[in-house]
Structure formats: C-alpha cells, structure tokens
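Below is one structure; the comments refer to it alone.
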Amino acid sequence: MAFKRSIFASASEDRLENLVLERLKPGADKEKIDARIWDLFGEVWCIMFTDLSGFSRGVEKFGIIHFLQTIHESERVLVPIIEDHDGILLKSEGDSFLVIFRNVAKGLQAAIRMQKELLEYNKDKIPEEKILLCVGLGYGKVLKIGDSDVFGSEVNTASKLGEDTAEAGEILVTQTVFDNAQDTGLKFEPIKDVPAGTQGAYRVLY
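Below, the structure is given as structure tokens:
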C-alpha cells in the first residue's frame, strides 16, 4: 500500500512540475495551463490544521523524551477519531496534523470529538503531560497532489487559524466553513483576528 501511494504521489507531482515548467516558458498560455492544472488536481475538501498549545515551550523545558511521548500520545488518541470521521491524514509534522475531509460536517464533528476526547484524557494528567489542542478549519476548492499535499487559499487560512490564532481547546473556522455549516445545528461566534484569505472567522461553540 505504501509503495502504491508513493507511485501515485510521485506521478501527480511529476505532472504538476511539468505543467509549471511549461507555464514558465516565454509566450506560454498561462490561462490555458492553469485551467489544465485545476482540471487535473482541483477538488473540494474541508481542510483541518491542528497544533499543540505550548508544545515548543514544553520541549525546551522537559526535553526530547517529553517531545516523543506527547507526539505518540496525541497520535494514539486523535488518529482513530480522524479515521472514524473519514478524514485523511496527509501530514504529521512535529506537533501538527494536516487532515482533509470530504465535507464540512465531518470535519467539524471530528474536531469537536477530538477536543472532547482530550478533555477526558487530560483530567487525571499533571500539567506538563496534558495535550492541549488548537484546530483550524477551511473549506473550498484546493489543488490536491496525490495523497501527499494540498494547496490553496483555504489551506493557508486554516493553517493560520489552527497554528497561530487558536488557543488551547479552540476550533476556529473560515467564512466558507461557517457558510456551509448552517444545517449542522452548531453555534458559532465571530472572532476579531480574521486572517487574510477569508471574509470572516468564527469560533465553534461546543
């Protein structure tokens, strides 16, 4: 399975690289090439970025073993929840996850379940062993390159919300997530710190 995945990702990356190189040639019809790229790789996904609050400070204070323990425990607790909600974990880098879901509802449900699961997990933990999660969600058309990466405005905004703006326990979403979540029954409140790439940003009340 890993071998097949690597071939698929490589083929997609090679195709994209060739089109980008073609786009760089003098006199290239960039509009036509862009349309080809979007036809090949354009898909609509709900994008999730997660980050662990205070993680860097914890590593500095408690050392690399603490780092490894926290990463292991966060994956053990959170990855099954992602899979239960049909999410695809594209990247796990340090204390951050990049996950995609086919629709907003599943992305939101997974995020809420993750936060609630960690509330239970943290109840009997000493402060330095608690896992404090920040989540950002975006939704829209992105360039999906195999099962290795995604690119687009909503990707960038979700990353900003999850990794820079959200505090421990928060789920922050872009305007498009909010617009497509009106039938979920969830409640939201606007936040003041709206990153570039979205008309508004909201905190999920759960």
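So in this note's numbering, spot 201 of the sequence shown is number 978, and the numbers just go up one at a time.
Glycine included, C-beta positions come from ideal geometry on N, C-alpha and C.
Query	Result
Provide the residue span of the alpha helix (DSSP H) that contains L884, from first to last.	Note that residue 884 is Gly in the sequence shown, not Leu. Where G884 is concerned, the enclosing alpha helix (DSSP H) stretches over 881-899.
Can you tell me whether R800 is helix, strand or coil according to DSSP?	helix
Bridge partners of F826, per DSSP?	L875, G913
Between which two residues does the alpha helix (DSSP H) carrying K937 extend?	930-937
My understanding is that Y916 touches T951, with C-beta atoms under 8 angstroms, so please give their C-beta distance in whole angstroms.	7 angstroms
Kindly indicate which three-state DSSP category P904 falls into: helix, strand or coil?	helix
By DSSP, does S869 sit in helix, in strand, or in coil?	strand
Within 10 angstroms of its Cβ, does F965 collect 16 or more other Cβ (buried), or is it exposed?	buried
Let me confirm a value: D941 is counted as buried when at least 16 other C-beta atoms fall within 10 Å, else exposed. Which label applies?	exposed
Between the alpha carbons of G804 and E794, how many angstroms are there, rounded?	18 angstroms
With a cut-off of 8 angstroms, do at least 3 Cβ pairs link the region 858-871 to the region 928-943?	no
Would the beta-carbon of G929 fall within 7 angstroms of that of V912?	no
Nearest by alpha-carbon distance to Q959: which of E931, A973, N880, L896 is it?	N880
Of the choices R800, H862, W815, V821, whose alpha-carbon is the least far from that of M891?	H862
Please state whether the Cβ-Cβ distance between L829 and D791 is less than 7 angstroms.	no
Do you know how far the Cα of E870 is from the Cα of G923?	18 angstroms
Using the C-alpha atoms, what's the distance from G884 back to A978?	16 angstroms
What are the start and end residues of the beta strand (DSSP E) that includes E944?	Per DSSP, E944 belongs to no beta strand (DSSP E) and is neither H nor E.
Starting from P967, trace the beta strand (DSSP E) in both directions and tell me its first and last residue.	964-967
Can the beta-carbon of L920 be found less than 7 angstroms from the beta-carbon of A935?	no
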